[in-house]
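Heads up, the thing below is written out as structure tokens.
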Amino acid sequence: MAEKNPAKADQIYEQLRRAIVRLEMQPGTAISEKDICAQFNVSRTPVREALQRLAEEDLVDIFPHSGTWVSRISFALAEEGFVLRRALEVESVRKAAALITGAGIAELELIVARMHRILREDRLADYLEVDDAFHAAIARVSGYPRIWKFIGLAKVQLDRMRQLSAPVPGHLAEVTEQHAAIVQALGRRNAMQAELAMRIHLDQSFEVMASIYPGQPALFAEAARHVSVERAG
């Protein structure tokens with residue numbers, strides 16, 4: 001009978017997902033079930049459960065009787081995630097402008113201060129988690145408690161591209177100023193300004209991410225398929 005260990009499967013899934021999204025496991029890297037079993041001291045069953053969940057998120061490619069690899073980034077899915085995220089976050093910040101309290105503003109100001117500190121200390125890997133905390137905090141006060149969960153599911157490939165854009169000179173400093181502009185609009189309870197500030201922030205961030213795609217084609221599924229077709233021809 002197969003071993004059932006949901007807690008272990010969850011742990012493996014979370015750790016692998018984090019490593020893949022943060023690009024600690026590079027696109028195209030082979031994944032060894034045997035090595036993961038040894039690392040977590042488990043049988044293959046929870047490992048395979050975790051890998052199947054990752055495959056459902058397009059983070060790994062499983063080829064039966066062949067192997068499992070970290071998937072290449074899908075630009076198409078990242079762009080789709082951006083469109084969904086923008087629609088949900090613009091609505092979220094509009095609602096938040098009417099509902100946010102002084103305590104909510106203080107929380108956002110504290111997060112922006114943390115962003116400035118992270119930039120001074122050059123801890124780029126930590127920035128994106130704090131960035132998510134900023135947007136999640138807005139979602140919480142919008143009156144839509146599950147909205148950030150839906151955004152999280154939509155932006156998986158987008159998050160991998162965010163890792164690529166983080167080192168772009170000046171990008172995260174600009175993002176931090178954009179966050180501050182969102183907080184200022186929320187503090188004035190100005191829904192129109194808050195919507196505009198959020199839209200500008202998300203649009204400009206995606207423009208930076210999209211500009212990276214042509215320079216690193218090996219990391220992207222679309223480029224890999226193009227090369228494969230050329231070789232076949």
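Heads up: the sequence shown begins at 1 in UniProt numbering, then just goes up one per residue. Backbone N, C-alpha and C define an ideal beta-carbon position, used for all residues, glycine too.
Here's a check: name, in chain order, each residue in its chain whose Cβ is nearer than 7 Å to the Cβ of L88, leaving out the five neighbours to either side. I147, F150 and I151
Give me the Cα-Cα distance between F134 and V90, rounded to the nearest whole angstrom. 14 Å
Check the C-beta distance from I212 over to S165 and give it rounded, since I have them as a contact under 8 Å. 6 Å
Which residues bound the beta strand (DSSP E) around I62? V60 to F63
For I182, collect the residues of the same chain with a Cβ closer than 7 Å to its Cβ; drop the 5 residues on either side in sequence, then sort them by chain order. V93, A194, A197, M198 and H201
Contacting residues, own chain, Cβ-Cβ under 8 Å from R48 (five flanking each side not counted): E33
Paired residues, beta bridge with A30 - DSSP: W69
Can you name, in chain order, every residue of its own chain whose Cβ lies under 7 Å from the Cβ of G143, other than the five neighbours on each side? K95 and L99
Within this structure, are the beta carbons of R72 and Y13 separated by less than 7 Å? no
So is V168 buried or exposed if we call it buried at 16+ other beta carbons inside 10 Å? exposed
For H226 and P217, what's the separation of their Cα atoms in angstroms? In this predicted model, H226 has a pLDDT of only 43, less than 50, meaning its place in the structure is not dependable; the value taken from the coordinates is given anyway. One C-alpha to the other measures close to 10 Å.
Is it true that the CB of R114 sits closer than 7 Å to the CB of V21? no
Neighbour-count burial assignment, L128, 16 or more Cβ in a 10 Å radius: buried
Assign M209 to one of two classes, buried (16 or more other C-beta atoms within 10 Å of its C-beta) or exposed (fewer than that). buried
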